[in-house]
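Written below as structure tokens is the structure these notes are about.
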Ligand code: ADP
């Protein structure tokens, strides 16, 4: 099958968030960690393909090069339309990368042959995610009732957001004119919204910031932009596209793909996230656990002692028929102390957790829950996971996935990757209790 929507995400857990929302459509969604190295002749594409990159804060040219490589792969597999997925709080540095990447994608598309009704000279940005309190009104982004620049995002360590006016933010990231589709524009009929977009494009505008305070506004913009080859924004905007593909006849009921049951085997929960929610999740865990201390890891050069402790804990849990939680999750004071005493404590911890994950899969673990964005990246890499078939959501934005590993080829594992703040206090147990897809009572 040809790809209906080729998605490129600027970070890992943002990609799983998008994957979970697109999978609600019942159609197959595949997620790649990095640009796949398989050619189109050997690959049977899914209607929705997502390539997760790590390019939110890299230098703009690096981000552009990576995204273009991702688009070349998607396009070679038949994608005509692209979705550039970034965070619903428009996380970006002062001079990139949202604008430069969108410009580069439009440039690349304008050199490809196009049907007469398609446009690659303008795009619409909709970061709004009303279900999560992110709303855009008159071009300004709000986080619940606070303007972006007054929300906690103003103090983000890598992408502090100090302005709520998205058009002004974007103007610093692109040489091209930026326009707005405000709320009075988008509540009009589909033809009128579309006419307004085309009018802005004819005036030379290349980026439009779309207002949306409710999902129905995202639907309105999605319906008016079916002729645009590039759309940009958060996962909520993209989640309304499958229904439109269905209306247009690009998807039929034959495209509904049943979710596979989880492979049998032991379960392991790995938490390297130190977010407030992960701390609560670790504290609420009801089964056996093993805490790892970064100072001890630093002394255990080849991890021999740590691996022995881990294997013992795992075997004990397995004999009891219980999953094991292994974690380095700690409060901010302990993290600070570890950072002061150890060179690159984060990398040390990630390496240790990733090594144990690989060991566990070699020993028979087939169900893996990972907490932490960076931790997820390190664990996936150690397992040799590059492609995930996306399954049902555990909580909004966190789906179970099925993946092949390089450790036990031919024996897929179930894996879920969650960023620190996602999920409630009992997320880990909830994930394992709901590992199999819900039974469809209408079926
Ligand atoms: P989140 O999604 O919550 O940001 P991440 O996995 O992305 O979680 O980031 C957490 C970072 O903190 C990782 O680099 C991890 O290795 C590091 N880390 C985890 N536990 C500790 C600890 N006890 N001391 C110091 N650093 C830690």
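In the working numbering, the protein residues as written are 110 to 552. For each residue, glycine too, the CB sits at the ideal point set by N, CA and C.
Delimiting residues of the alpha helix (DSSP H) encompassing residue i
{"i": "residue 375", "result": "Premise fails: residue 375 lies in the beta strand (DSSP E), 375 to 380, not in any alpha helix (DSSP H)."}
{"i": "residue 506", "result": "Looking at the DSSP string, residue 506 is not in any alpha helix (DSSP H), and its letter there is neither H nor E."}
{"i": "residue 185", "result": "169 to 185"}
{"i": "residue 303", "result": "299 to 311"}
{"i": "residue 129", "result": "121 to 132"}
{"i": "residue 482", "result": "482 to 492"}
{"i": "residue 470", "result": "454 to 471"}
{"i": "residue 328", "result": "324 to 333"}
{"i": "residue 208", "result": "207 to 219"}
{"i": "residue 444", "result": "441 to 450"}
{"i": "residue 339", "result": "From DSSP, residue 339 is part of no alpha helix (DSSP H) but of the beta strand (DSSP E) over 339 to 342."}
{"i": "residue 359", "result": "From DSSP, residue 359 is part of no alpha helix (DSSP H); its letter is neither H nor E."}
{"i": "residue 542", "result": "536 to 542"}
{"i": "residue 280", "result": "275 to 280"}
Inter-residue spacing [alpha-carbon to alpha-carbon] between residue i and residue j
{"i": "residue 635", "j": "residue 251", "result": "In this structure the chain extends from 110 to 552, so residue 635 is not present and cannot be described."}
{"i": "residue 411", "j": "residue 403", "result": "14 Å"}
{"i": "residue 208", "j": "residue 118", "result": "14 Å"}
{"i": "residue 293", "j": "residue 261", "result": "29 Å"}
{"i": "residue 351", "j": "residue 280", "result": "31 Å"}
{"i": "residue 586", "j": "residue 168", "result": "Only positions 110 to 552 of the chain appear in this structure, which leaves residue 586 out of reach."}
{"i": "residue 258", "j": "residue 277", "result": "13 Å"}
{"i": "residue 180", "j": "residue 191", "result": "8 Å"}
{"i": "residue 328", "j": "residue 290", "result": "14 Å"}
{"i": "residue 246", "j": "residue 235", "result": "11 Å"}
{"i": "residue 483", "j": "residue 459", "result": "8 Å"}
{"i": "residue 440", "j": "residue 391", "result": "11 Å"}
{"i": "residue 110", "j": "residue 228", "result": "23 Å"}
{"i": "residue 515", "j": "residue 177", "result": "27 Å"}
{"i": "residue 201", "j": "residue 528", "result": "18 Å"}
{"i": "residue 424", "j": "residue 490", "result": "24 Å"}
{"i": "residue 134", "j": "residue 343", "result": "17 Å"}
{"i": "residue 419", "j": "residue 444", "result": "22 Å"}
{"i": "residue 232", "j": "residue 332", "result": "14 Å"}
{"i": "residue 504", "j": "residue 537", "result": "11 Å"}
{"i": "residue 370", "j": "residue 165", "result": "34 Å"}
{"i": "residue 364", "j": "residue 417", "result": "47 Å"}
{"i": "residue 384", "j": "residue 530", "result": "6 Å"}
{"i": "residue 427", "j": "residue 518", "result": "22 Å"}
{"i": "residue 362", "j": "residue 356", "result": "12 Å"}
{"i": "residue 433", "j": "residue 397", "result": "5 Å"}
{"i": "residue 215", "j": "residue 113", "result": "17 Å"}
{"i": "residue 324", "j": "residue 353", "result": "14 Å"}
{"i": "residue 523", "j": "residue 477", "result": "6 Å"}
{"i": "residue 255", "j": "residue 265", "result": "15 Å"}
Boundaries of the beta strand (DSSP E) in which residue i is found, first to last residue
{"i": "residue 251", "result": "249 to 252"}
{"i": "residue 246", "result": "243 to 246"}
{"i": "residue 157", "result": "157 to 161"}
{"i": "residue 139", "result": "138 to 142"}
{"i": "residue 523", "result": "522 to 527"}
{"i": "residue 118", "result": "114 to 118"}
{"i": "residue 191", "result": "191 to 194"}
{"i": "residue 434", "result": "433 to 436"}
{"i": "residue 290", "result": "287 to 290"}
Short Cβ contact (8 Å threshold) for residue i with residue j
{"i": "residue 509", "j": "residue 341", "result": "no"}
{"i": "residue 317", "j": "residue 309", "result": "yes"}
{"i": "residue 470", "j": "residue 132", "result": "no"}
{"i": "residue 249", "j": "residue 219", "result": "no"}
{"i": "residue 507", "j": "residue 533", "result": "no"}
{"i": "residue 480", "j": "residue 380", "result": "yes"}
{"i": "residue 175", "j": "residue 162", "result": "yes"}
{"i": "residue 497", "j": "residue 511", "result": "yes"}
{"i": "residue 149", "j": "residue 368", "result": "no"}
{"i": "residue 306", "j": "residue 334", "result": "yes"}
{"i": "residue 211", "j": "residue 339", "result": "yes"}
{"i": "residue 158", "j": "residue 186", "result": "yes"}
{"i": "residue 313", "j": "residue 286", "result": "yes"}
{"i": "residue 475", "j": "residue 542", "result": "no"}
{"i": "residue 438", "j": "residue 388", "result": "yes"}
{"i": "residue 140", "j": "residue 125", "result": "yes"}
{"i": "residue 128", "j": "residue 237", "result": "no"}
{"i": "residue 156", "j": "residue 173", "result": "no"}
DSSP beta-bridge partners of residue i
{"i": "residue 232", "result": "316"}
{"i": "residue 256", "result": "251"}
{"i": "residue 502", "result": "508"}
{"i": "residue 164", "result": "The partner list for residue 164 (beta bridge, DSSP) is empty, contrary to what the question assumes."}
{"i": "residue 477", "result": "377 and 524"}
{"i": "residue 352", "result": "DSSP lists no partner for residue 352."}
{"i": "residue 202", "result": "205"}
Beta strand (DSSP E) runs wholly inside the segment 369 to 423, at least 3 long, in chain order: 375 to 380 and 398 to 400
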